[in-house]
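One structure is given here, and the rest of the page talks about it.
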Amino acid sequence: MTATDHALELVAVAAQAAHDKKADQVLAFDVSEQLAITDAFVLASATNERAVGAIVDEVEDKLRESGAKPIRREGHKEGRWVLLDYGEIVVHVQHEEERSFYALERLWSDCPLIPLTLT
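With the working numbering, letter number 33 in the sequence shown gets 352, and the count goes up by one each step, no holes.
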């Protein structure tokens, strides 16, 4: 099993939106083999809480324009690690310190990377 085409489209939109707001280390993983609750994770980071918030806002705006509605949003008030759950994909926007500490890319390293074309 692999991520659905729709999930991959949402990944592309979310990743590009994060990149457009100068997110660092934008990656996406196909987690559909390991998790039944979602197809893909998008990871992005920033150097401060304000930048995390700007990235989150842009991702939400662009996904809304694509017709996607979030199921859940956590961590926005603190601005250190914001999780946006869209069902098919989950977007993690982390402060670089949280990104380094929690190392989600190491945790999910057995999952295939989803190729991203960021312009």
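Just so it is clear, CB atoms sit at the ideal spot from N, CA and C, and this is done for glycine as well.
Asked	Found
Same chain, Cβ closer than 8 Å to T366, neighbours up to 5 away in sequence not counted	D343, H414, E415
Status (buried if at least 16 other CB within 10 Å, exposed otherwise) for E397	exposed
Assigned exposure category for D358 - 16 Cβ within 10 Å defines buried	buried
Range covered by the beta strand (DSSP E) that runs through H414	408–414
CB contact flag (S364, E417, <9 Å)	yes
According to DSSP, residues forming a beta bridge with R391	D404
Candidates F348, A333, H338, R391: closest to A322 by CA position	F348
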